[in-house]
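Residues 1 to 658 (full-length UniProt numbering) make up the sequence shown, in order. Below is one structure, written out as structure tokens, with a few remarks after it.
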Amino acid sequence: VVYEQEGVFIHSSCGKNDDQDSLIAGILRVIEKENEVVVDWRPLDETLDTSNILCAGKDSSSVVEWTQTPKEKCSRGADRPTSYEAEWDMVSTVSFKKKPHSNGDATTHANGESKWSFLFSLTDLKSIKQNKEGMGWSYLVFCLKDDVKLPALHFHHGDSKPLIKCLEKHVALNESPHDERVLLVKTQKSLSQSFENLFDEPSYGLLQKWKKDPYIVTMGKFSKVTNYIVGSLRSSDPSNQRRPPSEMADFLNDTIPGLRINQQEEPGFEVITRIDLGKQPEVSRREPVSAEEWAKNMDSEGRILDVDYIKRLIFKGGLCHTLRKEAWKFLLGYFPWNSSKEERANLQKRKTDEYFRMKLQWKSVSEEQEKRNSRLRDYRSLIEKDVNRTDRTNKFYEGEDNPGLILLHDILMTYCMYDFDLGYVQGMSDLLSPVLYVMENEVDAFWCFVSYMDQMHQNFEEQMQGMKTQLIQLSHLLRLLDSGFCSYLESQDSGYLYFCFRWLLIRFKREFSFQDILRLWEVMWTELPCQNFHLLLCCAILESEKQQIMDKHYGFNEILKHINELSMKIDVEYILCKAEAISMQMMNCKELPQTVSEILGIENSSVTPDSDTGEDESGAELSCPTSLCPSISTPVIAANGTRDGAQQMAETQSLTPA
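Have a look at this one:
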């Protein structure tokens, strides 16, 4: 139950004779189910007259009467009994139809069951008319797609605005141009239905699935792309080989509200300011940081001597595995860089106590308590489901009753106590798994995960603000890097870079092998050579695949399929070299657009026409990132972007402290 309001009345004689109004008090609920969201109103006595509920088939607009009567009444509250669930297994689309009765104010049958209860799926909602009564309370009327109007609901105790706000999380509502009191349900029938077919989802549609479960939609469904989508996504008119850009724009804006990426709606009138970035420089990587190098950069009390130097070492080569357990705690912010060994030991003691206090909170919840805590039940259910499918081929998590799985479960449950507002969202287990693998310690893994989630929090919030921002920023970077490729993607309805969602959501976790992701993450955590380096990694991958995509004239579905099939085939060292080369290319550009400068955190003295100042909106200057000392070893990215695989790994120029 995501919304519940008592004191919502039906006036059974409203509009006929005010003196004869019979007020029927009831409870209005919005209920999230696995594949749909339903609106349910019933009188306070919770009775339900099933003869007044009509069922419509998914493929038919005709309405047939549902005559089966449940043997049990539905219990009150969110915890419905089996009979309630059985009813919903049978009814996919429902609407209300009031049957005639002898006197205008009769509200019950002889058997005491209500004639006024109704419930319907949001997929059947057409519009909502809202108004204000003269006495001060508000009321609204639901109109369904079969033009059935439900009885007006009068909110005597409270406003209807919270309900509208709740519904807007599941359907897009727009004010009618003809009547400001009417909110119309916005639909993209052809596009959303095509995605339903693509993903083999029930009729509730991709939009709800995406909002409820972006992890599953993005992780598991793109592989089902087939040629079927070509016809279903294109117009029925064979001469029209492009969907209107507004259609894709509307769909993605509903999916991620506020997403605005410039699309050229009129090909042939494209105006592009071309900026010469120059050639990409050659970039090399070095050997991973050794235990000896790490120890040399630490004083007798265990303090890091030169933080910038050690970060540059890690950026250029990563860490040997034996160092990760210690170094990751610094990189993630669990250990302060200037702390001594003794200070870190005291910190761990405090954090251990704090962790087990939070763990005890959910461990001590009884079954009876949990029955009355739907959010905790939902979190536990999702965690148990995800833990059982996270990195099960890795020896650390393989097999039944694996202690690694138990720790994964317990840490995620404890995180729900740490941040109950966010709780658990699918995909978070993917972020925790490598951290726990490296730490091999429940408490240390938890606090490192907390620090990582501080960076990734916005990716998992309901409004997806983090994802929205990153997709827009990536579009800016890619357009600067290769405007021609951007134009091609737009011509194939792929300019929104929708296929990059999985990369950004869980930081490439499903694109690289487990060992490669350890290397990639530790490099990114150095925050070098600039802000948002992960977006340059996206650019590097896309630029590497550009030639094949354009030469083979890939369309919308082929691009999705191709990008999805890159998983586990990307060379991490090559992409790190290429992304660093792109960063150097942009930093050396004298006419870098102000928008790009802000995305990368580069202080740019030469301001291009998109801005007239070198400062951000708050007036604070953007700090220039520390330049990286060069070191030469394979693999090398040449100026033409190709890889020299013959050169052997050899460090010929060592890094020196700044």
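For each residue, glycine too, the CB sits at the ideal point set by N, CA and C. Since this is a predicted model, take the numbers as computed values, not measurements.
- Comparing alpha carbon positions, the residue from Glu490, Asp308, Tyr418, Val307 closest to Tyr379 is Tyr418.
- The alpha helix (DSSP H) runs lying completely inside the segment 483 to 521 and spanning 4 residues or more are 483 to 491, 501 to 505, given in chain order.
- When only Cα atoms are considered, Ile304 and Asn297 end up about 6 Å apart.
- Using a C-beta cut-off of 8 Å, the segment 462 to 471 makes no contact with the segment 441 to 453, since fewer than three inter-stretch Cβ pairs fall below that distance.
- Under the three-state reduction of DSSP output, Cys448 falls in the helix class.
- Straight across, the Cα-Cα distance linking Ile10 with Asp40 is about 13 Å.
- Between the C-alpha atoms of Gly404 and Gly423 there is a straight-line separation of about 21 Å.
- Distance check between Gln130 and each of Leu122, Tyr139, Thr123 places Tyr139 closest, using alpha-carbon atoms only.
- Rounded to the nearest angstrom, the gap between the Cα atoms of Met550 and Asp571 is 21 Å.
- Counting C-beta pairs with one atom in each stretch, the segment 466 to 484 and the segment 518 to 528 have fewer than three that are closer than 8 Å, which means they do not touch.
- Its chain contains Val438, Leu518, Glu522 as the residues whose beta carbon lies nearer than 8 Å to that of Arg324, once the 5 sequence neighbours on both sides are disregarded; these appear in chain order.
- Scanning the segment 366 to 454 for uninterrupted alpha helix (DSSP H) segments of 4 residues or longer gives 367 to 371, 374 to 387, 403 to 418, 428 to 439, listed from N- to C-terminal end.
- Annotation for Leu184: the continuous beta strand (DSSP E) segment containing it runs 182 to 186.
- Annotated as distal: Glu32 and Val8, with beta-carbon spacing of 9 Å or more.
- As for any alpha helix (DSSP H) of minimum length 4 sitting wholly inside the segment 554 to 578, the runs are 556 to 564, ordered along the chain.
- Rounded to whole angstroms, the gap between the alpha carbons of Gln280 and Ile582 is 6 Å.
- Here Phe420 is exposed, its C-beta having fewer than 16 other C-beta atoms within 10 Å.
- In chain order, Leu277, Leu592, Val596, Leu600 place their CB closer than 7 Å to the CB of Met586, counting only its own chain and leaving out the 5 sequence neighbours on each side.
- For Gly495, the number of other beta carbons within 10 angstroms of its own is at least 16, and it is reported as buried.
- Between the segment 383 to 392 and the segment 329 to 347, the count of Cβ pairs shorter than 8 Å is below three; the stretches do not touch.
- For Trp362, the three-state secondary structure derived from DSSP is helix.
- Each of Asp516, Ile506, Ala579 was checked against the Cα of Cys539, and the nearest Cα belongs to Ala579.
- Nearest neighbour of Glu354 by Cα position, chosen from Phe446, Gln594, His562, Glu543, turns out to be Phe446.
- In this structure, the beta-carbon distance from Cys320 to Ala295 does not fall below 9 Å.
- Exclusion of the five residues before and after Arg344 leaves Phe335 as the residues of its chain whose Cβ lies within less than 6 Å of its Cβ.
- One Cα belongs to Met428, the other to His409, and the distance between them is close to 11 Å.
- For the pair Trp116 and Gly26, the CB atoms are nearer than the 9 Å cut-off.
- For Lys359, same chain residues with a beta-carbon under 7 Å away, outside a window of 5 residues either side, are Asp410, Thr414 in chain order.
- In the DSSP annotation of this structure, the continuous segment of the beta strand (DSSP E) that includes Phe142 starts and ends at 138 to 144.
- With a threshold of 16 other beta carbon atoms within 10 Å, Glu573 meets it and is buried.
- For Gln348, the CB contacts under 8 Å within the same chain, skipping 5 residues up- and downstream, are Val443, Asp444 in chain order.
- Straight-line measurement puts the Cα of Gly302 at about 5 Å from the Cα of Ser340.
- For His154, the beta-bridge partners assigned by DSSP are Phe9, Tyr139.
- Arg510 and Ile563 have their alpha carbons spaced roughly 12 Å apart.
- Taking 9 Å as the cut-off, the Cβ atoms of Ser127 and Leu183 count as close.
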